[in-house]
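Asks: One structure coming up, written as structure tokens, with questions to follow.
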Amino acid sequence: MNSGSDTTEEVPDEHLRFARYLQELADVLPEEEAGLVAMVLRDPDRTMAQSAVVRHLDRRAAQLLADATFPDWRRAMSTVIVDRESTGCGNGRC
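Take 456 as the starting number for the sequence shown in our numbering and just add one per residue.
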């Protein structure tokens, strides 16, 4: 730990992207959510991207569970995931 030092450690790029993705996913309009999820999942750091999307999906599912829009939202998010996996992106080939 640097106490009183002017030296700052750089935050790794993937950490910055993770935080940015979480903020963008939290702020996205419902009609743009599937596209943003798909874009995040195309990030070269697959583990980070998947972590951001899973965290977002967990939060959104909890918010929407009792809402009438939940079934449509679930289908839209499932489609993004299935499309990604059917193109081979789920196996590290994207």
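Glycine is no exception: its CB is placed at the ideal position from the N, C-alpha and C atoms.
The structure displayed is predicted, hence computed values, not measured ones.
(1) Count the other C-beta atoms from every protein chain shown that fall within 10 angstroms of the C-beta of Asn457, then say buried if there are 16 or more, exposed otherwise.
(2) Of the residues Val483, Leu519, Arg529, Tyr476, which one's Cα is nearest the Cα of Asp500?
(3) What number of angstroms, rounded off, separates the C-alpha of Gln518 from the C-alpha of Thr502?
(4) Helix, strand or coil: which one does DSSP assign to Asp482?
(5) Buried or exposed for Ser460, please, with buried defined as at least 16 other CB atoms from any protein chain shown within 10 angstroms of its CB.
(6) With C-beta atoms as the reference, is Met532 less than 8 angstroms away from Ala493?
(7) With the cut-off set at 8 angstroms, would you say His559 and Leu484 are in Cβ contact?
Replies: From the atom records:
(1) Taking the first residue of the sequence shown as position 1, residue 457 is located at position 2. Reliability of the predicted coordinates at Asn457 is poor, the pLDDT of 49 falling under 50, and the value obtained from them is presented with this limitation in mind. Exposed, by the Cβ-count rule.
(2) Taking the sequence shown and counting its residues from 1, one reaches residue 500 at position 45. Nearest option by C-alpha distance: Tyr476.
(3) As a working note, residue 518 is residue 63 in the sequence shown. As a working note, residue 502 is residue 47 in the sequence shown. Distance between the alpha carbons of Gln518 and Thr502 is about 24 angstroms.
(4) Your numbering for residue 482 matches position 27 in the sequence shown. Helix at Asp482.
(5) Taking the sequence shown and counting its residues from 1, one reaches residue 460 at position 5. Here the model assigns Ser460 a pLDDT of 49, short of 50, so the residue's position is not dependable and the matter cannot be decided.
(6) What you label residue 532 is simply residue 77 of the sequence shown in a count that begins at 1. What you label residue 493 is simply residue 38 of the sequence shown in a count that begins at 1. No, Cβ-Cβ distance for Met532 and Ala493 is not below 8 angstroms.
(7) As displayed, the chain neither begins before 456 nor continues past 549, which places residue 559 out of reach and without an answer.
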